[in-house]
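Only one structure is covered here, and it is reproduced in the block below.
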Amino acid sequence: MARITPKENFLKLAGGGHPEYVPYYTFMGNEPIPEISTKGASPNIFVPNPPNADGSYTSVWGVTNYPNQDTAGSSMPEPNVFILEDITKWRDAIRIPTLKDDLDFEAMAKADFERIGIDRNETALRTGFGFGPWMSLVSFMGFEGALLAMAEEPEYVKELFDWMASFYEPYITQVLDAYQPDIWSLSDDTCTERGPFFSVDMYKDLMKPYYSRFSKLAKERGIPIIFHICGNVEPFIPDMIDLGVKYIEPAQETNDIMALKEQYKGQMSYLGAHDWGKHLPKNYPDYDEEEVRADVRATIDKYSPGGAFGTLIWPVSFVGDPHIDDLKKLIWNEAYEYGKKAYGYTE
Numbered sequence: 001m002a003r004i005t006p007k008e009n010f011l012k013l014a015g016g017g018h019p020e021y022v023p024y025y026t027f028m029g030n031e032p033i034p035e036i037s038t039k040g041a042s043p044n045i046f047v048p049n050p051p052n053a054d055g056s057y058t059s060v061w062g063v064t065n066y067p068n069q070d071t072a073g074s075s076m077p078e079p080n081v082f083i084l085e086d087i088t089k090w091r092d093a094i095r096i097p098t099l100k101d102d103l104d105f106e107a108m109a110k111a112d113f114e115r116i117g118i119d120r121n122e123t124a125l126r127t128g129f130g131f132g133p134w135m136s137l138v139s140f141m142g143f144e145g146a147l148l149a150m151a152e153e154p155e156y157v158k159e160l161f162d163w164m165a166s167f168y169e170p171y172i173t174q175v176l177d178a179y180q181p182d183i184w185s186l187s188d189d190t191c192t193e194r195g196p197f198f199s200v201d202m203y204k205d206l207m208k209p210y211y212s213r214f215s216k217l218a219k220e221r222g223i224p225i226i227f228h229i230c231g232n233v234e235p236f237i238p239d240m241i242d243l244g245v246k247y248i249e250p251a252q253e254t255n256d257i258m259a260l261k262e263q264y265k266g267q268m269s270y271l272g273a274h275d276w277g278k279h280l281p282k283n284y285p286d287y288d289e290e291e292v293r294a295d296v297r298a299t300i301d302k303y304s305p306g307g308a309f310g311t312l313i314w315p316v317s318f319v320g321d322p323h324i325d326d327l328k329k330l331i332w333n334e335a336y337e338y339g340k341k342a343y344g345y346t347e
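The working numbering puts the first residue of the sequence shown at 1, with every later residue one more than the last.
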């Protein structure tokens, strides 16, 4: 069989497709495996301001975030500090970011490609920007405040989301033209482990219109969309398919992935199915290497038949854990090596 590139293989997976082998997908960094199916690069004009000495930073919308041990060093909004207390007064609290008038997206794309070292023939480029309306509102008001605002004052929530989306929207065509991505990326964590934070009707009314605005041009260009969404996303799958989403990550085990593969066959692919909290070696930091490898293989054996599946495994631990890097390498390489053989692919 002639060699297929990691990029070609990953793109064959889109929308429930059947790749030549099970790809390993990364969205957190470039894991130390022989090939990388995708790399991400997006214009840095929308990212948070540079971090302070303590690792904190202020987002472009004015929310201060701090890294902490409980999230393995990831940053979260400062607890109990809300920049928006009353959704009806959002115009007094939220300010549109100021950007330069002479933004050169072509130059940004060139610099980003050099920074990440991407070979566009071998690796698919994943690009995206914008806001997740739900997580943006949570960062302004907290979870309880956001949910109450959506339930009690939905028209004001729509006003805020429309205002924020209108800030980003004019740049979409420029980004697509400059970066020419293979995959368009969206993100919003609207679900808990047990299910969504809100009803499907509320999703359709308050969230989907803005996802649609950010997916429309990519969908029209035939660019597959990947959506980062944690938790039990099952109720939202039909709407995501309607938006043009072809991959969901991380597809966590709280979802019935086997049933989803059957119900939406040929429409959606799932990247994940190996939630670290369910697979942490019971005696960690002590672990048996073969047991860890066998666990990875069992995941691939379960979910790979029929395609529509790629591995995404990201072990996490406390900041400074001296053992986690070796365990990561073990897991990533087993996922790559075993996945390469799952369908009998040979070069």
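From the three backbone atoms N, C-alpha and C, an ideal C-beta is built for every residue, glycine too.
Problem set entry | Beta-carbon spacing of L217, L176 below 8 Å | Their beta carbons are under 8 Å apart, which means L217 touches L176 by this criterion.
For this session: Measure the C-alpha to C-alpha separation of D54 and V60 and round it to an integer number of angstroms.
Result: Using only the alpha carbons, I get a separation of about 18 Å.
For this session: Could you name each continuous beta strand (DSSP E) segment of 3 residues or more that falls completely within the segment 75-107, going from the start of the chain to the end?
Result: The DSSP assignment places 75-77 as complete runs of the beta strand (DSSP E) inside the segment 75-107, in order along the chain (cut-off: 3 residues).
Problem set entry | Reference S215; option with closest CA among F129, R115, D326 | It is F129.
Problem set entry | Cβ-based burial, S185 [other Cβ within 10 Å; buried from 16] | Buried, since its Cβ has 16 or more Cβ neighbours within 10 Å.
Exercise. Hey, I94 and L160: beta-carbon distance below 8 Å or not?
Worked result: Contact: yes.
For this session: Please check the pair P285 and H228, which I expect to be a contact at CB under 8 Å, by giving their CB distance rounded to whole angstroms.
Result: Between H228 and P285 the Cβ distance is about 29 Å, and since that is not below 8 Å, they are no contact.
For this session: Identify every residue that forms a DSSP beta bridge with V245.
Result: BP columns for V245 point to I225.
Exercise. Using CA coordinates, which residue listed in N232, M207, S304, N65 is at the minimum distance from R194?
Worked result: Ranking N232, M207, S304, N65 by Cα distance to R194 puts N232 first.
For this session: Pull up the DSSP beta-bridge partners for A124, would you.
Result: According to DSSP, which records beta bridges pairwise, A124 is partnered with T38.
Exercise. Taking the alpha-carbon positions, what's the N9 to P19 distance?
Worked result: The alpha-carbon atoms of N9 and P19 are separated by roughly 5 Å.
For this session: Please go through the same chain and pick out, in chain order, the residues whose beta-carbon is closer than 7 Å to the beta-carbon of I376, but skip the five residues on each side of it.
Result: The structure shown does not extend to residue 376, since the chain is modelled only from 1 through 347, so no value can be given for it.
For this session: Could you name the residues of the same chain whose beta carbon sits closer than 7 Å to that of A342, not counting the 5 residues immediately before and after it, in chain order?
Result: Contacts found: Y21, V22, I300, S304.
Problem set entry | Cutoff 6 Å; reference Y336; Cβ partners in own chain excluding five residues on either side | Answer for Y336: Y24, I33, listed in chain order.
Exercise. Can you tell me whether DSSP reads F348 as helix, strand or coil?
Worked result: The chain is shown from 1 up to 347; residue 348 falls before or after that span and cannot be answered.
Exercise. Just curious, the beta strand (DSSP E) that L375 is in, first and last residue?
Worked result: The structure shown does not extend to residue 375, since the chain is modelled only from 1 through 347, so no value can be given for it.
Exercise. Going by Cα to Cα distance, which pick from L13, K265, L312, K261 is closest to A273?
Worked result: Nearest C-alpha to A273: L312.
Exercise. Is there contact between the segment 235-243 and the segment 200-210, where contact requires at least three CB pairs shorter than 8 Å?
Worked result: Taking a contact to require three or more Cβ pairs closer than 8 Å, the segment 235-243 and the segment 200-210 qualify as touching.
Problem set entry | Opening and closing residue of the alpha helix (DSSP H) in which V170 lies | Per the sequence shown, the amino acid found at residue 170 is Pro instead of Val. Note, P170: premise wrong, no alpha helix (DSSP H); not H, not E.
For this session: Would you check if the segment 150-159 and the segment 104-118 touch, i.e. whether three or more CB-CB distances between them fall below 8 Å?
Result: The segment 104-118 vs the segment 150-159: no contact.
Problem set entry | Within 8 Å, strictly: CB atoms of G16 and Y264 | Going by C-beta atoms, G16 is nearer than 8 Å to Y264.
Exercise. T311 by DSSP, collapsed to three states: which one?
Worked result: Looking at T311 - three-state DSSP - the assignment turns out to be strand.
Problem set entry | Own chain partners of G132 with C-beta closer than 6 Å, once the 5 adjacent residues on each side are dropped | Excluding residues within five positions, the ones whose Cβ falls inside 6 Å are S187, D188.
Exercise. Excluding sequence positions up to five away, which residues of its chain have a Cβ less than 8 Å from the Cβ of Y168?
Worked result: So the qualifying residues of the chain are F46, F129, G130, F131, F214.
Problem set entry | Nearest-angstrom Cα separation, counted from L99 out to D256 | Straight-line measurement puts the Cα of L99 at about 43 Å from the Cα of D256.
Problem set entry | Residue(s) in a DSSP beta bridge with P67 | Answer is S75.
Exercise. Is DSSP giving L280 helix, strand or coil here?
Worked result: Annotated three-state conformation of L280 is coil, per DSSP.
Exercise. So P181 packs on T127, CB below 8 Å; how close in whole Å?
Worked result: Confirmed, about 4 Å.
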